[in-house]
Amino acid sequence: MRSKNFSWRYSLAATVLLLSPFDLLASLGMDMYLPAVPFMPNALGTTASTIQLTLTTYLVMIGAGQLLFGPLSDRLGRRPVLLGGGLAYVVASMGLA
8 MRSKNFSWRY SLAATVLLLS PFDLLASLGM DMYLPAVPFM PNALGTTAST
58 IQLTLTTYLV MIGAGQLLFG PLSDRLGRRP VLLGGGLAYV VASMGLA
């Protein structure tokens, strides 16, 4: 059985450089989305409640992702989960573009 006490071998600067893009993407997604919300129903031919539902879905998925990926990264390690999540984000973004 593995010990639960891990030592972090990277410097603080390397850690911040590695993790900040992932944290910024979640915040940036919301900051870019909110100013466009009032114009989306007309532009997309839908109702305001449908647009608000997409915002709710985004926030629920951010929370569910933390609940899912936290224990998963404890079990598999941070690096594989972080790289897998980043890859899934890139693939989903390219697929939806």
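Note that the numbering used here has the sequence shown beginning at 8, numbered continuously upward. For every residue, glycine included, the Cβ atom is placed at its ideal position computed from N, Cα and C.
Do residue j and residue i have their beta-carbon atoms positioned less than 9 Å apart in this structure?
i, j, result
"PHE29", "LEU83", "no"
"LEU41", "LEU62", "yes"
"VAL67", "ILE58", "no"
"GLY72", "GLY92", "yes"
"MET101", "TYR65", "no"
Within its chain, find whatever has a CB closer than 6 Å to the CB of residue i; leave out the 5 residues flanking it on each side and keep chain order.
i, result
"ALA55", "PRO48"
Less than 8 Å between C-beta atoms, sequence neighbours within five positions excluded: which residues of the same chain meet that for residue i?
i, result
"ALA104", "none"
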